[in-house]
Each structure stands twice: as structure tokens, then as C-alpha cells.
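Asks: In my numbering, the protein residues as written are 159 to 300.
No residue lacks a Cβ here, since even glycine has one placed at the ideal position from N, Cα and C.
These numbers come from a predicted model, not from an experiment.
Right, I'll just put the structure down here and ask away after.
Following this line, the structure appears as C-alpha cells:
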């Protein structure tokens, strides 16, 4: 039978203080060594291109008869990435079109079986987002 020594609360705290004190001392010494080394990378931030949040979130706008009817009521429909959520879609709309969405609804289009030349295949599942805007805001599609 194993005998495990039990510590009092004060002994436990003393052990924890030693552990965390050692970590604090190490972390205080490391930044000094890092700051003393000169920087060798001279690339400016402007030369680095950023694709932003919208890259890969919004795939394309849905331009259908139903979508054009609801666009008169300031609601626009987009095909979006299947892993995108409402907050990511809102950030992408703000970044691309400079408008703030009032509400976002997400609709899943199911996968469909397709037969072509006697072979059975599957069309992948789609996800579309309906973005509602304020009365004064508009999104222009070219």
C-alpha cells in the first residue's frame, strides 16, 4: 500500500510560490537578452501583402430572380465558405463593401446526387448567407 504525504495549505502555497518565483525570474532575464540583439529583417510592413478576413469567406454573390427581389428590401445573398460563421461573414462584408450588416441569416443547400454518362456523383453541399443592411446602405454588383 502506498503512503502519500498530505501537505497543509501553507505548505502547498510555499511550493507553488517557489515554482512560480523561478518562472518569473527566468522570464525577467529572457527579454533583456532578446532586446540586445539587433534586428536583421529590414522588410517594411507596407511591402507585405495581406489578403484580409474576406479572402475565402465570401465566395460569390447569388444573382437570381429571388435574390434581386429581396435586394430591393436591402437584403443581399452570398455563397459563403461552409466553415464560415456569422461573425466572420460580417467582418468580410465590412472589409469588402464598407457597410455594416444589420442581420445575417445562414441557409444550407443540401448535397444532391447527379448522374452523368451513367456514372453517379454528388454535388457538394453549399452554404449561403442572406445579409440585411440598414435603409441607407447599398451593395453594388458590377
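Here's the rule I'm using: 16 or more other beta-carbon atoms within 10 Å means buried, otherwise exposed. How should residue 266 be labelled?
Replies: Here residue 266 refers to the residue found at position 108 when the chain shown is read from its first residue. It is exposed - the Cβ of residue 266 has fewer than 16 other Cβ atoms within 10 Å.
Asks: Does DSSP put residue 248 in a helix, in a strand, or in coil?
Replies: Here the question's residue 248 lines up with position 90 in the chain shown. Looking at residue 248 - three-state DSSP - the assignment turns out to be helix.
Asks: If distances are taken between C-alpha atoms only, which option among 240, 274, 241 and 216 comes closest to residue 234?
Replies: Counting from one through the chain shown, the residue named residue 234 turns up at place 76. Closest by alpha carbon: 216.
Asks: DSSP on residue 253, reduced to helix/strand/coil?
Replies: What you label residue 253 is simply residue 95 of the chain shown in a count that begins at 1. If DSSP states are grouped into helix, strand and coil, residue 253 belongs with the helices.
Asks: Hey, would you say residue 271 sits closer than 7 Å to residue 280, going by beta carbons?
Replies: Within the chain shown, numbered from 1, the residue matching residue 271 stands at position 113. Within the chain shown, numbered from 1, the residue matching residue 280 stands at position 122. Yes, these two residues count as a Cβ contact at 7 Å.
Asks: What do you get for residue 368, buried or exposed, if any count of 16 or more other CB atoms within 10 angstroms of its CB means buried?
Replies: Residue 368 falls outside the range modelled here, since the chain spans only 159 to 300, and no answer is possible.
Asks: So, using beta-carbon positions, are residue 290 and residue 244 closer together than 7 Å?
Replies: As a working mapping, residue 290 is identified with position 132 in the chain shown. As a working mapping, residue 244 is identified with position 86 in the chain shown. Their beta carbons are not under 7 Å apart, which means residue 290 does not touch residue 244 by this criterion.
Asks: I'd like to check one pair, residue 247 with residue 228: are the Cβ atoms closer than 7 Å?
Replies: If you number the chain shown from 1, residue 228 lands on position 70. If you number the chain shown from 1, residue 247 lands on position 89. No, these two residues do not count as a Cβ contact at 7 Å.
Asks: Please report how far the alpha carbon of residue 254 lies from the alpha carbon of residue 264, in whole angstroms.
Replies: Residue numbering aside, residue 254 sits at position 96 when the chain shown is read from its first letter. Residue numbering aside, residue 264 sits at position 106 when the chain shown is read from its first letter. Their backbone Cα atoms lie some 19 Å apart in a straight line.
Asks: Tell me the rounded alpha-carbon separation between residue 297 and residue 276.
Replies: As a position in the chain shown, residue 297 is number 139, starting the count at 1. As a position in the chain shown, residue 276 is number 118, starting the count at 1. C-alpha separation (whole angstroms): 43 Å.
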